[in-house]
Structures are given as C-alpha cells and as structure tokens.
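Working notes, structure below.
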Amino acid sequence: MFEEELKFMRNLSKRQFAQQVLNFLMIVSSALIVWKAMALYTNSESPIVVVLSGSMEPAFYRGDLLFLGMPDEPVKIGDICVFKIPGRDVPIVHRVIKVHDETETGKQFILTKGDNNQVDDRGLYDHGQMWIHKEHIIGKVKGFLPHIGIITILMNDYPSLKYVLIGVLGLYVLFSRE
Amino acid sequence: MYNLMQRANALFAFAITVLFALFGVISVVTPFLSSSPTATLNISDLQIWVYEYNLSESEFAFVDMKLEADLTSLFNWNTKQLFICVIVEYNTDTHNQNQIILWDKIIKSKEDALIKNYDIHNAYNFVDITSSFERANATYSLHWDIMPHVGMLMNGRAEKLKM
Numbered sequence: 003m004f005e006e007e008l009k010f011m012r013n014l015s016k017r018q019f020a021q022q023v024l025n026f027l028m029i030v031s032s033a034l035i036v037w038k039a040m041a042l043y044t045n046s047e048s049p050i051v052v053v054l055s056g057s058m059e060p061a062f063y064r065g066d067l068l069f070l071g072m073p074d075e076p077v078k079i080g081d082i083c084v085f086k087i088p089g090r091d092v093p094i095v096h097r098v099i100k101v102h103d104e105t106e107t108g109k110q111f112i113l114t115k116g117d118n119n120q121v122d123d124r125g126l127y128d129h130g131q132m133w134i135h136k137e138h139i140i141g142k143v144k145g146f147l148p149h150i151g152i153i154t155i156l157m158n159d160y161p162s163l164k165y166v167l168i169g170v171l172g173l174y175v176l177f178s179r180e
Numbered sequence: 004m005y006n007l008m009q010r011a012n013a014l015f016a017f018a019i020t021v022l023f024a025l026f027g028v029i030s031v032v033t034p035f036l037s038s039s040p041t042a043t044l045n046i047s048d049l050q051i052w053v054y055e056y057n058l059s060e061s062e063f064a065f066v067d068m069k070l071e072a073d074l075t076s077l078f079n080w081n082t083k084q085l086f087i088c089v090i091v092e093y094n095t096d097t098h099n100q101n102q103i104i105l106w107d108k109i110i111k112s113k114e115d116a117l118i119k120n121y122d123i124h125n126a127y128n129f130v131d132i133t134s135s136f137e138r139a140n141a142t143y144s145l146h147w148d149i150m151p152h153v154g155m156l157m158n159g160r161a162e163k164l165k166m
C-alpha cells in the first residue's frame, strides 16, 4: 500500500520536496490568517467557541459551535455572553439576567445564569464576587452551528486522537501530488 | 486513474461544500421570514418587602403579572426554540440603567407558543444593586430570543408597560 508513496518520495528532487513542505506550511498559515482576521473583524479574541457544558440546554448542547461578536454598545439584558473569570481557563457561555449601569463611572455590573441551571452564576465567580464587568466578556453569541465542534471535544478528551489526526493530515499533504 | 481514496475524498469534499452552502443559504434567508408576534403583559399586584440581604436590610419587590401572547408566527422551519422572559427596567440616581429578568420560559413547540391568561410571579430576586429602589418608576416588557437550528440568533420585544 505504501510502496507507491515511498517510490514517490524517492523520486522527489530536493526542490520538489521543498515545494511539498511549503504547500503544507501554506495551509497552516492561511488557516491562522483566517482565524486572526476573524478575530480582528469581530473584535473578539476568540470569534468561534465550542460549547463545553450542558448549562444552556436545550438551546446549546455540548459540541455546538457559536459565532461571537463584540458589540460597541453596552451589554444588554438577555444577551448570551461568553465570559472568562480571571485565573480560570475555561470560558463560560451564559445569559445576562441582571445589568446595573453606574451613572458616575458608566461601569456595568452584570449577573449571568445558564438557562438550564437552577441558580445564578455567583457560585461560579470568585469567592465573594457578586458581579462581572465588561472586561470579563469575550463576546456575545451571534450565530449558531450545531454539532460541528464535537471534534474539538473528542480531541480534548482523547489527546492522542489529536496527534493521530494531525499526523495523518500532515502526511496526506506531504504525499499528495499536484 | 483515480483510486478509491481519491474518489472518497472528492465525494466527501463535495458533500461538505454542499452542506455548508445550504447552511449559508438558510442563515441568510431566515431573517427575512415574516412573523407577527403579539403580547400583552398586565401587572396585577406589586408589593415591596424589606429583608436582610448581604448583611444589610434590602428592598425586595414581588410582582404578579398576567401574560397574553401569540408567538406562534415565530415558529418557522428554522426555529429550534423560543426563550421568553419578562424584563423590568428602571433608573435610580446612582444607576442610570437597571435591567432585571424577573421570569423566563423556554418554548419548544408551536402549540405552546399560544399563551392565554398566564399567571406569572417573579421567579428571580427583584432586588436593586443598592438596598433601595428609591421609589423609581419601572417599565415591564416581554422579550423573546429565537434560537435557530442553524444561523443567526434573533430577538424581539413586546410593547413596554409603564408602572
């Protein structure tokens, strides 16, 4: 099965081999460019997130893909926001259920809750923290694509799968003929 | 000559392209589907009690409302569910905008979207960030969020009711 591929590799000149490697790097860098361009366009540090928990069911299930935007206007009640508590890695996707705008400073005091949770998120915030603020928010959910992100979750749960997948894709690109 | 892998690859790539093109078309078309939702909200009772909250005395409001709504037209072939909620908005001297969700409900079928003479009590604490509402005037309204099977999230609100 691999004889053909090995023969192909042996017959490649140095120049052709370099060409294949460049092709591979091209694909990786264009993916990175698209991602960063999206981040710039949406003004959100991660414009696409995968839902990791069931706390917003039945709207969002584990593995659904969310497209985020970062509106200039202040946070509104009922918005589904993605926020990050400092010192914790995993961002949370929950709905805003209370907003108080302070007149003097314009600072927003925000409380969130998952649609599927019985209680609000004060238990998820840092100990004693009552509110979150605009700076904790990564983006507001604008668009929805079901199930596609399940691959990411599988790769997180089984890290070996990630290397197998990257390896196979890398080999495929290196060995593919124009 | 094409081997089996190449054929499978081409077929898979084509299927993915078609699928995403379809998702794109659905996302673009859905916002243009017409709908005519109606809703009226009436306040039947409003009481304010003072309780201890966060080590100080704080005003808690309790609202009873009646909801009459026909949101059936929001259900089209790309509607997964509606999230409806009653929102109260008011201003105080220290905070120029206060918004609180008092009650919410998830509607998953068109039949449930016809709401007749429905009694609502606030499900969440109706309490100010300071300890007092300062006798502020409040506005109550019904909001809905439309969750699609695929595409953009949309929302709307019924007319405001002043108190």
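Protein chains in written order, with the working numbering: chain W, 3 to 180; chain Y, 4 to 166. C-beta: ideal position from N, C-alpha, C; glycine also. Every value quoted in this text rests on a predicted model; they were computed, and no experiment measured them.
Shown in chain order are the members of the segment 100-120 of chain Y whose Cβ falls below 8 Å from a Cβ of chain W: Q100, N101, Q102, I103, I104, D107, I109, K111. Under a 10 Å Cβ-count criterion, W:M132 is classified as exposed, with fewer than 16 other Cβ atoms of the shown protein chains found around its own Cβ. Assignment of Y:Y143 by DSSP, reduced to helix, strand and coil, places it in the strand class. Listed along chain Y are M155, L156, each with a C-beta nearer than 7 Å to that of W:K144. Straight-line spacing of the CA atoms in Y:V21 and Y:M150 works out to 23 Å. Interface with chain W (7 Å Cβ-Cβ cutoff): Y:I123 is excluded. Rounded to the nearest whole angstrom, the C-alpha separation of Y:Y121 and Y:V130 is 23 Å.
The Cβ of Y:M150 sits closer than 7 Å to at least one Cβ of chain W. Residues of the segment 100-127 of chain W with a C-beta atom less than 7 Å from some C-beta of chain Y are K100, V101, H102, D103, E104, T105, F111, D117, listed in chain order. Chain order gives no chain W residues near Y:I19, where near means a beta carbon separation below 8 Å; the closest approach is about 11 Å. Sixteen is the threshold: since fewer than 16 other Cβ atoms of the shown chains lie within 10 Å of the Cβ of W:R12, the residue is exposed. For W:D159, the enclosing alpha helix (DSSP H) has its first and last residue at 152-159.
The contact set of Y:I132 on chain W, defined by CB atoms closer than 9 Å, consists of K100, H102, E104, F111, M132, W133 in chain order.
Chain Y has a Cβ within less than 7 Å of the Cβ of W:G80. For Y:M68, the enclosing beta strand (DSSP E) has its first and last residue at 59-73. Beta-bridge analysis with DSSP links Y:W106 to Y:V89. According to the DSSP assignment, W:V98 belongs to the beta strand (DSSP E) that extends over 94-104. Within chain W, the residues placing a beta-carbon under 8 Å from that of Y:I90 are I79, G80, ordered along the chain. With the criterion set as a beta carbon lying under 8 Å from some beta carbon of chain W, the members of the segment 20-31 of chain Y are F26, S30, in sequence order. Nearest Cα to Y:A141 within the set Y:Y127, Y:E162, Y:N101: Y:N101. One alpha carbon belongs to Y:G159, the other to Y:L7, and they sit about 51 Å apart. For W:F85, the uninterrupted beta strand (DSSP E) segment begins and ends at 82-85. Shown here for W:P148: same chain residues with a beta carbon closer than 6 Å to its own, the five before and five after excluded, namely D66 in chain order.
Under the three-pair Cβ rule at 8 Å, the segment 73-86 of chain Y counts as touching the segment 34-41 of chain Y. W:W37: not part of any beta strand (DSSP E); member of the alpha helix (DSSP H) spanning 16-44, first to last residue. When the Cα atoms are used, Y:F17 and Y:A24 turn out to be separated by approximately 11 Å. At a cut-off of 7 Å between beta carbons, Y:T97 contacts chain W. Taking each of Y:D67, Y:F86, Y:T97 in turn and checking the Cα distance to Y:M157, the smallest one comes out for Y:F86. Residue range 7-32 is occupied by the alpha helix (DSSP H) that includes Y:S30, with no beta strand (DSSP E) assigned at that position. Using a Cβ-Cβ distance cut-off of 8 Å, the segment 38-54 of chain W and the segment 106-125 of chain W are not in contact, since fewer than three pairs of beta carbons, one from each stretch, lie closer than that value. Between the alpha carbons of W:E137 and Y:H124 lies a distance of about 33 Å. For the segment 143-168 of chain W, the residues whose beta carbon sits under 7 Å from a beta carbon of chain Y are, in order, V143, K144, G145, F146, L147, P148.
For Y:Q84, the chain W residues whose C-beta falls within less than 8 Å of its own C-beta are P60, A61, listed in chain order. The three-state secondary structure of Y:Y54, taken from DSSP, is strand. Contact annotation: W:V143 and W:I87 have beta-carbon atoms that are not nearer than 7 Å. Y:S61 sits buried, since 16 or more C-beta atoms from the chains shown fall within 10 Å of its C-beta.
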